[in-house]
Amino acid sequence: MNILTSSCHLDYYRLSSSTQNHNHLPKMAPAVDPALEQLEAILKETLASVSDPKVKEKLTKAQRSRQNRFSQILNKFALDGQVALVTGGGQGIGRGIAHGLGEAGCKVAVADLELSRAETVAAELQAKGIQSLALKVDVSKKQEVEDMVKKVLSTFGDLHIGVNNAGIVFHSDSEDTSEKEWTKTMDVNLNGVFYCCQAEAKHMLKKGYGRIINTASMSATIVNHPQKQVAYNTSKAGVVHMSKTLGTEWCDRGVTVNCISPGYADTELNRSESLLAVRTQWLNETPMHKLADVDDLVGGVLYLTSGLANFTTGLDLIMDGGFTCW
Numbered sequence: 346m347n348i349l350t351s352s353c354h355l356d357y358y359r360l361s362s363s364t365q366n367h368n369h370l371p372k373m374a375p376a377v378d379p380a381l382e383q384l385e386a387i388l389k390e391t392l393a394s395v396s397d398p399k400v401k402e403k404l405t406k407a408q409r410s411r412q413n414r415f416s417q418i419l420n421k422f423a424l425d426g427q428v429a430l431v432t433g434g435g436q437g438i439g440r441g442i443a444h445g446l447g448e449a450g451c452k453v454a455v456a457d458l459e460l461s462r463a464e465t466v467a468a469e470l471q472a473k474g475i476q477s478l479a480l481k482v483d484v485s486k487k488q489e490v491e492d493m494v495k496k497v498l499s500t501f502g503d504l505h506i507g508v509n510n511a512g513i514v515f516h517s518d519s520e521d522t523s524e525k526e527w528t529k530t531m532d533v534n535l536n537g538v539f540y541c542c543q544a545e546a547k548h549m550l551k552k553g554y555g556r557i558i559n560t561a562s563m564s565a566t567i568v569n570h571p572q573k574q575v576a577y578n579t580s581k582a583g584v585v586h587m588s589k590t591l592g593t594e595w596c597d598r599g600v601t602v603n604c605i606s607p608g609y610a611d612t613e614l615n616r617s618e619s620l621l622a623v624r625t626q627w628l629n630e631t632p633m634h635k636l637a638d639v640d641d642l643v644g645g646v647l648y649l650t651s652g653l654a655n656f657t658t659g660l661d662l663i664m665d666g667g668f669t670c671w
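For the sequence shown, the numbering used here gives the first residue as 346, with consecutive numbering after it.
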C-alpha cells in the first residue's frame with residue numbers, strides 16, 4: 346500500500362514548503378487588461394487631437410464613465426479588512442490561496458497539521474505587509490477545529506472567509522483497502538471539512554455574512570487512473586454534496602458555501618522521474634495538455650469570496666483543464 350498524507354490538496358501529490366520556490370507566489374490579476382490599456386492610449390491620443398471643446402468634453406465624459414464602471418467591477422474583488430482562515434495552508438494550493446486572499450486585502454490565518462509549515466507561510470505573508478496568524482490543527486479532531494476558530498476570532502475579532510482545504514490521500518487496490526485507511530481518509534477529508542464548516546458558520550450565521558469554500562477534487566466526478574484511491578474519491582464526492590447541502594441551507598442567512606474541484610497540478614513531486622509515465626498520461630488525457638499551476642486555481646477562490654459571487658452557492662467549481670469533459 347502506497348500512503349501519501351498531506352494537509353493540503355493539490356490534487357494527489359504535494360509540494361512541501363522546503364522544496365518550494367518562495368519567489369513563485371500567486372499574483373493578483375493586473376488592474377487593467379493590456380487591450381484596455383491600448384484603448385486608453387487611443388482615447389488619450391484622440392482627446393489630444395480634438396480641437397472642438399464640446400466634442401472633447403463628450404469624449405472626456407465617456408472615458409471617465411468607462412473608467413468608473415471598470416473600477417466598480419474591480420472593487421467587487423477587493424476583500425479589504427476581511428478575515429480569512431485557510432486550513433492546509435502550509436503548502437500547495439492552501440499556500441497559494443493564503444497569498445491570494447492576503448493580496449486581495451484579507452488578514453489571513455494559516456492553519457496546518459504541521460505548525461512549522463504554517464509559520465513559514467505566515468512569515469511570507471507578513472513580509473508582504475499582510476497581517477497573518479499561524480495555527481496548528483488536526484481537522485479530524487472537532488475540539489481542535491473549534492479552538493482554531495476561537496483563536497482566529499480572539500486574534501482578529503471576526504471571520505468572513507473559511508477555506509477548508511486540508512486533506513489526505515492513500516493509494517491501494519480497493520479489495521485491499523484497510524479499515525484504518527478508509528476511516529482516516531473520511532475523518533480528515535469529510536468529517537474534518539464538516540467540522541470546519543460548522544465551526545465557521547456558527548460565527549458567520551450570527552452576523553449574517555460569510556463565505557465558505559471547500560476543496561473537493563475532480564475525483565468527485567470521475568474515477569482516476571491508473572492510481573487507485575477509492576476512499577479519497579468517495580470522500581471528495583461527499584465534500585461536493587456537503588457543500589451543496591450547506592450552501593442551500595445557510596444562504597438565506599447570508600452564508601454561502603461552495604467548493605472547488607482541482608484537476609492534476611504541476612508540482613515538484615509531480616515532476617519526479619518516477620511519475621514521468623503517469624504524468625504523460627495525465628497530460629494526454631487533459632484537453633489543455635497541461636497541468637494546473639497554483640495560480641490557475643487561486644482565481645476560483647477569489648471569485649467565490651468576492652462581491653461578484655453574491656448569488657452563487659452550492660457550486661462545484663471544477664478547474665481541471667477540461668479533464669472531466671472527456
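By construction, the Cβ of each residue, glycine as well, lies at the ideal position given by its N, Cα and C atoms.
For this session: Count the CB pairs spanning the segment 433 to 448 and the segment 640 to 659 that are closer than 8 Å, and state whether there are at least three.
Result: Yes, the segment 433 to 448 is in contact with the segment 640 to 659.
For this session: Mind listing, in chain order, the continuous alpha helix (DSSP H) runs of no fewer than 4 residues lying wholly within the segment 535 to 589?
Result: Counting whole runs of 4 or more residues, the segment 535 to 589 contains the alpha helix (DSSP H) stretches 537 to 552.
Problem set entry | Residue range of the unbroken beta strand (DSSP E) whose run includes G507 | Counted as a single uninterrupted DSSP element, the beta strand (DSSP E) harbouring G507 occupies residues 506 to 509.
Problem set entry | Opening and closing residue of the alpha helix (DSSP H) in which N629 lies | Element bounds for N629: 621 to 630.
Exercise. In three-state DSSP terms, what is A454?
Worked result: A454 sits in a strand when the DSSP states are folded into three classes.
Exercise. For D425, does the count of other Cβ atoms within 10 angstroms reach 16, so buried, or fall short, so exposed?
Worked result: With fewer than 16 other Cβ atoms inside 10 Å of its own Cβ, D425 counts as exposed.
Problem set entry | Between the CA atoms of K589 and W595 - distance to the nearest angstrom | A straight-line Cα-Cα distance of about 10 Å links W595 and K589.
Exercise. The alpha helix (DSSP H) with I513 in it runs from where to where?
Worked result: Here I513 belongs to no alpha helix (DSSP H), and DSSP marks it neither H nor E.
Exercise. Between G474 and A622, what straight-line distance do the alpha-carbon atoms span, to the nearest angstrom?
Worked result: Taking the straight line from one Cα to the other gives about 42 Å.
Problem set entry | Pairwise C-alpha distance: P398 and V639 | V639 and P398 have their alpha carbons spaced roughly 50 Å apart.
For this session: Please look up how many angstroms separate the CB atoms of H634 and K573, rounded, as I've assumed it's under 8 Å.
Result: Distance from H634 to K573 at the Cβ level is roughly 24 Å; contact not present, criterion being Cβ atoms closer than 8 Å.
Exercise. Which of helix, strand or coil does DSSP assign to D425?
Worked result: D425 sits in coil when the DSSP states are folded into three classes, being neither helix nor strand.
For this session: In angstroms with no decimal places, state the Cα-to-Cα distance between V584 and K406.
Result: Rounded to the nearest angstrom, the two C-alpha atoms are 49 Å apart.
Exercise. Near A374, what residues of its chain come up, given a Cβ to Cβ distance below 8 Å and the 5 sequence neighbours on each side ignored?
Worked result: Low confidence applies to A374: its pLDDT is 44, below 50, so where it sits in the model is not reliable enough to give any reading.
Exercise. Is the segment 535 to 552 close to the segment 505 to 519, with three or more CB pairs under 8 Å?
Worked result: Proximity of the segment 535 to 552 to the segment 505 to 519 meets the contact definition, three or more beta-carbon pairs being nearer than 8 Å.
Exercise. So is T528 buried or exposed if we call it buried at 16+ other beta carbons inside 10 Å?
Worked result: Counting Cβ neighbours within 10 Å, T528 comes out exposed, since fewer than 16 surround it.
Exercise. Out of curiosity, what's the CA-to-CA distance linking K552 and D521?
Worked result: When rounded, the distance between both Cα atoms is 47 Å.
Exercise. Helix, strand or coil: which one does DSSP assign to L478?
Worked result: In this structure, L478 counts as strand in the three-state DSSP scheme.
Problem set entry | Distance between S651 and I605 (C-alpha atoms, nearest Å) | I605 and S651: Cα-Cα distance of roughly 15 Å.
Exercise. Which first and last residues belong to the beta strand (DSSP E) in which M664 is found?
Worked result: Taken as a continuous stretch (DSSP letters only), the beta strand (DSSP E) holding M664 covers 661 to 664.
Problem set entry | 7 Å Cβ shell around M493 - same chain, five flanking residues per side excluded | Non-local C-beta neighbours of M493 in its own chain, meaning closer than 7 Å and more than five positions away in sequence, comprise A456, L480, V482, ordered along the chain.
For this session: Within 10 angstroms of the Cβ of E402, are there 16 or more other Cβ atoms? Answer buried if so, exposed if not.
Result: Looking at its Cβ environment, which holds fewer than 16 other Cβ atoms inside 10 Å, E402 is exposed.
For this session: Could you tell me if A376 is buried or exposed, where buried requires 16 or more neighbouring beta carbons within 10 angstroms of its beta carbon?
Result: Its pLDDT being 47, under 50, A376 is placed unreliably in this model, and the coordinates cannot settle the point.
Exercise. For G608, which option in F422, V514, T631, V497 has the closest C-alpha, if you only look at C-alpha atoms?
Worked result: Nearest C-alpha to G608: T631.
For this session: Hey, could you find the ends of the beta strand (DSSP E) T601 is sitting in?
Result: T601 -> beta strand (DSSP E) spans 600 to 607.
Problem set entry | Close beta carbons around A582, own chain, < 7 Å, minus the five adjacent residues each side | Taken in chain order, the residues that qualify are A565.
Exercise. How long is the line joining the alpha carbons of R440 and S485, rounded to whole angstroms?
Worked result: Their backbone Cα atoms lie some 20 Å apart in a straight line.
For this session: Please report the residue range of the alpha helix (DSSP H) in which D492 lies.
Result: Segment 487 to 501, the alpha helix (DSSP H) holding D492.
Problem set entry | Helix, strand or coil at L636 according to DSSP, with G and I counted as helix | Looking at L636 - three-state DSSP - the assignment turns out to be coil, as it is neither helix nor strand.
Exercise. Is it right to say E667 is buried, meaning 16 or more other beta carbons lie within 10 angstroms of its own, or is it exposed?
Worked result: Checking the sequence, you will find Gly at residue 667 rather than Glu. Flag for G667 reads exposed.
Problem set entry | According to DSSP, residues forming a beta bridge with A472 | In the DSSP output, where bridge partners are listed per residue, A472 has none listed.
For this session: Quick one: using the 10 Å Cβ neighbour count with 16 as the cut-off for buried, is G434 buried or exposed?
Result: Around the beta-carbon of G434, 16 or more other beta-carbon atoms lie within 10 Å, marking it buried.
Exercise. Helix, strand or coil for A610 per DSSP?
Worked result: Strand at A610.
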